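A.B. asks: The structure that follows is given in the form of structure tokens.
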Amino acid sequence: MIGWLAVLVVAIVLVIQVIPVERNVSTVPPGQSFEKTEKVPANVAAILKVSCYDCHSNNSRYPWYSELQPGAWFMAQHIKKGRDELNFDEFNNYSKRRKKAKIKSIISQIEKDEMPLRSYRMMHGNARLSADEKKELLDFFRDNEYSK
């Protein structure tokens, strides 16, 4: 009985590997809109690219494990949720009120160490924000016209 159950589980795992997952890839360079309209300094842009854009832009980098189900489904859903919450590539299309709310939320989440998410940092060690990187981001966002 256990043998058949193991065969069934392996068969299911193999079958779900062929179910495609939509990729978050745009023809627009990552961060272009936000970086240009908000005059983002190069040091801040570099931090955003490594720690934020995979979930909060129209371009995500996909590691090898994103090809394996059910992890790929989890990742696709995570990216969609992140983009729905804040999309730096769409930031210029937000209303002034929404921009203001997003900037305040960014500041709050950086201060509380809520972003990047812990699950993301576990798999992407380079996304962890050092104290200096947090300060650079906070200084930039606090000086942003929408944070006042």
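All residue numbers for the sequence shown refer to the UniProt record's numbering, where the first residue is 1 and numbers rise by one.
Note that the Cβ used here is the ideal one computed from N, Cα and C, for glycine as well.
It should be emphasised that the depicted structure is a prediction, and the values quoted were computed from it without experimental measurement.
1) Measure from the alpha carbon of threonine 37 to the alpha carbon of each residue in Trp4, Ser51, Lys96, Ala101, then state which is nearest.
2) Specify the secondary structure class of histidine 78 as computed by DSSP and reduced to three states.
3) Let me confirm a value: serine 108 is counted as buried when at least 16 other C-beta atoms fall within 10 Å, else exposed. Which label applies?
4) Quick check on glutamate 145: does DSSP put it in helix, strand or coil?
5) By a C-beta neighbour count over all protein chains shown, 10 Å radius and 16 as the cutoff for buried, is lysine 39 buried or exposed?
6) Any idea what DSSP makes of lysine 39, helix, strand or coil?
7) Alanine 127 and arginine 118 - do their beta-carbons sit closer together than 7 Å?
8) From lysine 112 to leucine 8, what does the alpha carbon distance come to, in whole angstroms?
9) Whole angstroms is fine: what's the gap from lysine 135's alpha carbon to methionine 115's?
C.D. replies: In brief:
1) Lys96
2) helix
3) exposed
4) helix
5) exposed
6) Looking at lysine 39 - three-state DSSP - the assignment turns out to be coil, as it is neither helix nor strand.
7) no
8) Lysine 112 and leucine 8 have their C-alpha atoms spaced approximately 45 Å apart.
9) 14 Å
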